[in-house]
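Asker: Mind looking over this structure? Questions follow.
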Amino acid sequence: MINHYPSWAEIVHNALAEDIGRGDITTNALIDSGREIKAVLVAREDMVVCGLPVFSEVFRAVDSRVRIMPHLPDGSGALAGNEICSVRGPARAILTAERVALNFFQNLSAVASLTRCFVEKVTGTHAHIVDTRKTAPGLRLLQKYAVRIGGGYNHRMGLDDGILIKDNHIAIVGSIKEAVRRCREGVSHLHRIEVECDTLEQVRETLEAGAHIILLDNMDLPTLRQAVALASGRALLEVSGNISLDNVREVAETGVDLISVGIITRSAGSRDVTLAVTSE
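Residue numbers (the numbering used here): 6 to 285.
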């Protein structure tokens, strides 16, 4: 049974082990062991910079003599052509670590960039953008860091991080009231209870049961407005389901508190950068 979240160092170690295997046979055959180089990480498109601590950790894990000199910190905006950081050290180490370092940086910058787009869309409303557990396997800790860098907020880190009673739980237990009662009896008073609701009737039942947060799942705009009026501040209201950059502003303007967006981690992709060797 897994009983802890992996650290950044563990995530980096696993990625390097997967890529390097028994050694970088091409680089070791071509490059003298004593040769040193400088390389520059350059943005090929506009982005929110994210992942430099992980980028640096990859190189340090391969050879502690590699030095990273940031030009732009995490959270800053980079335009196409901007230099993000410089890398100096043994050529073998830099070339061997390059792909894994870029993989992390490109994905985390993409997550931060897409999150920033959603955050900007809801500026001036009451709503916060939050992430979900729809993350790449093994990268949750890093991708949720990227969400924060992009201006979003984190939902549960994992199943042990908060109570969220979903439709299948309710189907098995029998009712929302009973599910909330069991959670109150079974966990610490420090945990807040959230219930997923598909209908206004379920919202009413959840309010009567005394849950702290209501997840309004796949509701249209008129129904969301009715749910906001029904709750009248008695519980935090979170919205999920089919949220996009095209509709997130309208959803925020209904008066909900939180909007959870799976695509900011699940479908962000990667941002285009290059690591170019500039000198010895």
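Idealized CB from N, CA, C, for every residue including glycine.
Tell whether a beta-carbon distance below 8 Å holds between Glu243 and Ile268.
Answerer: As a first step, residue 243 is located in the sequence shown; it is residue number 238 there, counting from the start. As a first step, residue 268 is located in the sequence shown; it is residue number 263 there, counting from the start. Cβ distance not < 8 Å, so Glu243 and Ile268 don't count as in contact.
Asker: Could you check if Val192 is buried or exposed, using at least 16 other CB atoms within 10 Å of its CB as the buried criterion?
Answerer: Here the question's residue 192 lines up with position 187 in the sequence shown. So Val192 ends up on the exposed side.
Asker: Enumerate in chain order the residues of its own chain whose CB-to-CB distance from Asn252 is below 6 Å, with the five nearest sequence positions on each side excluded.
Answerer: Working through the sequence shown from its first residue, we reach residue 252 at position 247. Nothing meets the Cβ criterion.
Asker: The beta strand (DSSP E) with Val45 in it runs from where to where?
Answerer: Counting from one through the sequence shown, the residue named residue 45 turns up at place 40. Glu41 to Ala48 is the span of the beta strand (DSSP E), which, as asked, contains Val45.
Asker: Between the segment 146-154 and the segment 101-118, do at least 3 Cβ pairs fall closer than 8 Å?
Answerer: Judged by Cβ distances under 8 Å, the segment 146-154 makes contact with the segment 101-118, as three or more pairs qualify.
Asker: Give a yes or no on whether the C-beta atoms belonging to Asp222 and Arg104 are separated by under 8 Å.
Answerer: What you label residue 222 is simply residue 217 of the sequence shown in a count that begins at 1. What you label residue 104 is simply residue 99 of the sequence shown in a count that begins at 1. Contact flag unset, no.
Asker: Out of curiosity, what's the CA-to-CA distance linking Arg276 and Ala66?
Answerer: Residue numbering aside, residue 276 sits at position 271 when the sequence shown is read from its first letter. Residue numbering aside, residue 66 sits at position 61 when the sequence shown is read from its first letter. Each residue's Cα considered, the two are about 23 Å apart.
Asker: Using 8 Å for Cβ pairs, my map puts Lys43 next to Arg93. What's the rounded Cβ distance?
Answerer: Residue mapping note: residue 43 aligns to position 38 of the sequence shown, counting from 1. Residue mapping note: residue 93 aligns to position 88 of the sequence shown, counting from 1. Rounded, the Cβ-Cβ distance is 5 Å, consistent with contact.
Asker: Nearest to Ala14 by CA position, among Thr137, Gly39 and Gly143, is which residue?
Answerer: Here residue 14 refers to the residue found at position 9 when the sequence shown is read from its first residue. It is Gly143.
Asker: Can you check which of these residues, Ala141, Ile36 and His133, is closest to Thr270 by C-alpha distance?
Answerer: By 1-based counting over the sequence shown, the position of residue 270 is 265. Closest by alpha carbon: Ala141.
Asker: Would you report the Cα separation of Gly129 and Leu250, rounded to the nearest angstrom?
Answerer: The count along the sequence shown starts at 1 and reaches residue 129 at position 124. The count along the sequence shown starts at 1 and reaches residue 250 at position 245. The straight-line gap from Cα to Cα measures roughly 16 Å.
Asker: What are the start and end residues of the beta strand (DSSP E) that includes His18?
Answerer: Start at 1 with the first residue of the sequence shown, and residue 18 comes out as number 13. Not the beta strand (DSSP E): His18 falls in the alpha helix (DSSP H), residues Trp13 to Ile25.
Asker: Within the chosen definition, does the segment 222-240 reach the segment 195-212 through at least 3 CB pairs nearer than 8 Å?
Answerer: These segments touch.
Asker: Considering only residues of the same chain and omitting the five flanking positions on each side of Asn159, which have a CB-CB separation below 8 Å?
Answerer: Counting from 1 along the sequence shown, the entry for residue 159 is found at position 154. Answer for Asn159: Val135, Asp136, Lys149, Val152 and Arg153, listed in chain order.
Asker: Of the choices Ser180, Val71 and Ala106, whose alpha-carbon is the least far from that of Leu349?
Answerer: No answer is possible for residue 349: it lies beyond the span of the chain, which begins at 6 and ends at 285.
Asker: Once DSSP output is grouped into helix, strand and coil, what is the label at Ala240?
Answerer: Translated into the one-based positions of the sequence shown, residue 240 becomes position 235. It is coil, neither helix nor strand.
Asker: Quick one: residues in its chain with C-beta nearer than 7 Å to the C-beta of Ala216, no 5 flanking neighbours on either side, listed in chain order?
Answerer: By one-based count along the sequence shown, residue 216 stands at place 211. Cβ within range, chain order: Val185, Ile198, Glu199, Val200 and Ala240.
Asker: According to DSSP, Pro95 sits in a beta bridge with which residue or residues?
Answerer: As a position in the sequence shown, residue 95 is number 90, starting the count at 1. In the DSSP output, where bridge partners are listed per residue, Pro95 has Glu41.
Asker: Could you tell me the distance, in whole angstroms, from the CA atom of Asp5 to the CA atom of Glu190?
Answerer: No answer is possible for residue 5: the residues shown for the chain start at 6 and end at 285.
Asker: Among residues of its own chain, excluding the 5 on either side of Val178, which ones have a beta-carbon nearer than 6 Å to its beta-carbon?
Answerer: The residue given as residue 178 occupies position 173 in the sequence shown. Closer than 6 Å at Cβ, skipping near neighbours: Ala184.
Asker: Taking just the CA atoms, how far does Lys126 sit from Val45?
Answerer: In the sequence shown, the residue the question calls residue 45 occupies position 40. In the sequence shown, the residue the question calls residue 126 occupies position 121. Near 33 Å, if we compare the C-alpha coordinates of Lys126 and Val45.
Asker: Given this structure, state the Cα-to-Cα distance separating Ala117 from Ala273, to the nearest angstrom.
Answerer: Position 112 of the sequence shown, counted from the start, is the residue given in the question as residue 117. Position 268 of the sequence shown, counted from the start, is the residue given in the question as residue 273. Looking at the two C-alpha atoms, the distance is approximately 9 Å.
Asker: Only counting the same chain, and skipping five residues up and downstream in sequence, which positions put a Cβ closer than 8 Å to that of Lys182?
Answerer: Reading the sequence shown from its first residue, position 177 is the one you call residue 182. So the list reads Glu210, Glu213 and Ala214, once near-sequence residues are dropped.
Asker: Starting from His217, trace the alpha helix (DSSP H) in both directions and tell me its first and last residue.
Answerer: On the sequence shown, position 212 is the one that residue 217 refers to. Note, His217: premise wrong, no alpha helix (DSSP H); not H, not E.
Asker: My output table needs one value for Asp222: the three-state DSSP class, helix, strand or coil.
Answerer: Counting from one through the sequence shown, the residue named residue 222 turns up at place 217. Note: Asp222 maps to strand in three-state DSSP.
Asker: Kindly indicate the opening and closing residues of the alpha helix (DSSP H) around Ala184.
Answerer: Residue numbering aside, residue 184 sits at position 179 when the sequence shown is read from its first letter. Where Ala184 is concerned, the enclosing alpha helix (DSSP H) stretches over Ile181 to Gly191.
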